[in-house]
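Structure first, then comments.
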Amino acid sequence: MGTAKRQPWVVGVSGASGTPYAASVIRALLAAGEAVDLIVSRAARLTILDETGISFRDAHWRADLARWLGTEDGLDDVRYWSAGDFAAGPSSGSYPAKGMLVVPATTGAVAGIALGLSKDLLQRVASVTLKERRPLVVCVRETPLNGVTLKHLVELDAQGAVVLPAAPGFYAGGSTVRELVDFVAGRVLDAVDVPHSLYLRWEGELGAAAREAGDGQAAGAEGE
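Going from the sequence shown to the numbering used here is simple: count from 1 and add 655.
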């Protein structure tokens, strides 16, 4: 019997503020047993450095990724591609990717993907994902949005992408930054049917999440 073919999700990280969203998505994909192909744009490297103090380097990507994620678990299932490498595997439609998640997405990346500019590998892979009719989630992180960007987002929707603003919901009882980040990451994974336990789901009962969070805190206090 032959070995199963590796079929990863491509995660593209652009230079928008919000790199914790990307880290949460990657951790959850690996926890779900999914393989990940990672593309970090040049601008995203500066954002990661600014938001975390971590330098993300091509030659040391594995060690830098472990520092960024806060764990080495699952890194054997990660393949890294430089943003300038147009010969990378995912640049071809014949590469067996499941789809792509752009988290976070700058308005520049949104424009490049919508117009098919392919200015770097991230945009090229997104265009390939659309032409191959694979799932594409664009987690745009910008506010306010001007008319040009709104038109680009409508164009992406028309081409079959899921436009998912980085807008955390509070009904799940999140009260910390990590919980609100995980909510957005969870919604990204919901869009591509990847199982996770990043947030409490709405079940039609008002106040249920707040009560569950309170019960968890009380149980933690009793165990101290």
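Don't be surprised by glycine CBs; every beta carbon is placed ideally from N, CA and C.
In this text, all values refer to a predicted model and were calculated from it rather than measured experimentally.
The beta-bridge partner set that DSSP reports for D692 consists of V665, R734. For G767, the number of other beta carbons within 10 angstroms of its own is at least 16, and it is reported as buried. The C-beta distance from A678 to W723 rounds to 6 Å, short enough to fall under 8 Å. Bridge partners of A764 according to DSSP: none are assigned. The three-state secondary structure of P675, taken from DSSP, is helix. Ranked by how close their Cα comes to the Cα of I703, the residues S672, D740, G754 have S672 in first place. Taking a cut-off of 8 Å on C-beta distances, the region 772-784 does not touch the region 822-841, as fewer than three cross pairs fall below it.
Per DSSP, the unbroken beta strand (DSSP E) holding V792 starts and ends at 791-795. Beta-bridge analysis with DSSP links L756 to V666, V792.
Close CB contacts of K753 within its chain, under the 6 Å cut and outside five residues either way in sequence, are with Q662, W664 (chain order). Between V780 and M755, the C-beta gap is smaller than 8 Å, which places the two residues in contact. DSSP places F838 in the uninterrupted alpha helix (DSSP H) bounded by 832-845. Rounded to whole angstroms, the separation of the alpha carbons of R734 and F741 is 15 Å. Residue environment analysis places F711 among the buried positions, since at least 16 neighbouring C-beta atoms fall within 10 angstroms of its C-beta. As a beta-bridge residue in DSSP terms, V817 pairs with V792. In this structure, V695 places its C-beta atom within 8 Å of the C-beta atom of A738.
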